[in-house]
Amino acid sequence: MTSELIKQAKILIIDDEESSVQLLARLLNTNGYANVAGTTHATRALSMFVDDDPDLVLLDLHMPEPDGFEILKRLRPMQPADAFLPIIVLTADTTLDARRHALALGATDFLSKPLDEVEVTMRIKNVLQTRFAYRQLKNEKAQLEERVKERTRALERTIAELKCSNWPLFTGQH
Numbered sequence: 032m033t034s035e036l037i038k039q040a041k042i043l044i045i046d047d048e049e050s051s052v053q054l055l056a057r058l059l060n061t062n063g064y065a066n067v068a069g070t071t072h073a074t075r076a077l078s079m080f081v082d083d084d085p086d087l088v089l090l091d092l093h094m095p096e097p098d099g100f101e102i103l104k105r106l107r108p109m110q111p112a113d114a115f116l117p118i119i120v121l122t123a124d125t126t127l128d129a130r131r132h133a134l135a136l137g138a139t140d141f142l143s144k145p146l147d148e149v150e151v152t153m154r155i156k157n158v159l160q161t162r163f164a165y166r167q168l169k170n171e172k173a174q175l176e177e178r179v180k181e182r183t184r185a186l187e188r189t190i191a192e193l194k195c196s197n198w199p200l201f202t203g204q205h
């Protein structure tokens, strides 16, 4: 998996503080990520999610309604069960309850505010590598399943042709 592919990942930032969205977007752009979108309006987050089909969501937990927990609740059912969409929670709330609740709702990872730029870029790169590896495996599986179907159809045709040829093996004659 190439670094260029990862840099083309679609990243959605959801945080009620404009300065946080701008800081993350600038950090990501500086590190070569080309497809970064953000919103400070939690109410727009779900429609942006549907429209943008992101590869990664960076989500603040404590926002005006809906908060990050509610957004997590709504995002996960919008994804196919066999999809891997990383959602990294950004929060100053490092309590065990907040972490457990977010993980139970489908968060993939956490970044504590104030954010450490090196840690942010490394975690983003890691989860995106996993996302793209997962997607590649899923595609390879689909290709293998299609090849099995094609070979099964070819085998069924060959068996049908042999049955029509009146070979004793297929006619019941010895």
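The sequence shown begins at 32 in the working numbering and counts up one residue at a time. C-beta: ideal position from N, C-alpha, C; glycine also. As the structure is a prediction and not an experimental result, all values here were calculated from the model.
(request) Can you give me the Cβ contacts of Phe115 inside the same chain, cut-off strictly under 8 Å, excluding the 5 residues immediately before and after it? (result) Taking the first residue of the sequence shown as 1, we reach residue 115 at position 84. Hits under 8 Å: Thr161, Arg162, Tyr165, Arg166.
(request) Decide if Leu103 is buried, meaning its Cβ has at least 16 other Cβ atoms within 10 Å, or exposed. (result) The residue labelled residue 103 in the question sits at position 72 within the sequence shown. When all chains shown are included, Leu103 counts as buried.
(request) Name, in chain order, the residues that DSSP records as bridge partners for Thr122. (result) As a working mapping, residue 122 is identified with position 91 in the sequence shown. According to DSSP, which records beta bridges pairwise, Thr122 is partnered with Ser143.
(request) Leaving aside the five residues before and after Leu87 along the sequence, list all residues of the same chain whose C-beta is less than 8 Å from its C-beta, in chain order. (result) In the sequence shown, the residue the question calls residue 87 occupies position 56. Closer than 8 Å at the Cβ level, and outside the excluded window around Leu87, lie Ala40, Lys41, Ile42, Leu43, Leu116, Pro117, Ile118, Ile119, Ile155, Val158, Leu159, Arg162.
(request) Label Ile45 either buried or exposed according to how many other C-beta atoms from any shown protein chain fall within 10 Å of its C-beta, with 16 as the threshold for buried. (result) The residue given as residue 45 occupies position 14 in the sequence shown. Buried, by the Cβ-count rule.
(request) Could you tell me which of Glu148, Thr125, Val149 sits nearest to Phe141, measuring between CA atoms? (result) Walking along the sequence shown from the start, residue 141 turns up at place 110. The shortest Cα separation from Phe141 among Glu148, Thr125, Val149 belongs to Thr125.
(request) Helix, strand or coil for Ala114, going by three-state DSSP, please let me know. (result) If you number the sequence shown from 1, residue 114 lands on position 83. Note: Ala114 maps to coil in three-state DSSP.
(message) Going by DSSP, what residue range makes up the beta strand (DSSP E) through Ala56?
(response) In the sequence shown, the residue the question calls residue 56 occupies position 25. Counting along the chain, Ala56 falls outside any beta strand (DSSP E), though it belongs to the alpha helix (DSSP H) covering 49-61.
(request) Just mark Ala65 as buried or exposed, buried being the case when its beta carbon has 16 or more other beta carbons within 10 Å. (result) To locate residue 65, count along the sequence shown from 1; it is residue 34. Classification for Ala65: exposed.
(request) Output the boundary residues of the alpha helix (DSSP H) element that contains Gly137. (result) Taking the first residue of the sequence shown as position 1, residue 137 is located at position 106. That residue, Gly137, is in no alpha helix (DSSP H); it is neither H nor E in DSSP.
(request) Check each candidate in Val151, Arg131, Ala68 and name the one with the smallest Cα separation from Asp206. (result) The structure shown has nothing for residue 206, since the chain only spans 32 to 205.
(request) Go ahead and pull the three-state DSSP assignment for Thr70. (result) The residue given as residue 70 occupies position 39 in the sequence shown. Thr70 falls in the strand class under three-state DSSP.
(request) State yes or no: is the C-beta of Thr71 within less than 8 Å of the C-beta of Glu48? (result) Locating residue 71 in the sequence shown gives position 40, where the first residue counts as 1. Locating residue 48 in the sequence shown gives position 17, where the first residue counts as 1. Contact: yes.
(request) Take Leu121 as the anchor and find which of Cys195, Val151, Asp113, Asn62 has the nearest alpha-carbon. (result) Here residue 121 is taken as the residue at index 90 of the sequence shown, counted from 1. Looking at the Cα atoms, Val151 is the closest of the given residues.
(message) Applying the 10 Å Cβ sphere with the 16-neighbour rule, what's the burial state of Pro95?
(response) Along the sequence shown, one-based indexing puts residue 95 at 64. Classification for Pro95: exposed.
(message) If you follow the alpha helix (DSSP H) that Leu106 is in, where does it begin and where does it stop?
(response) Residue mapping note: residue 106 aligns to position 75 of the sequence shown, counting from 1. Here the alpha helix (DSSP H) through Leu106 covers 99-106.
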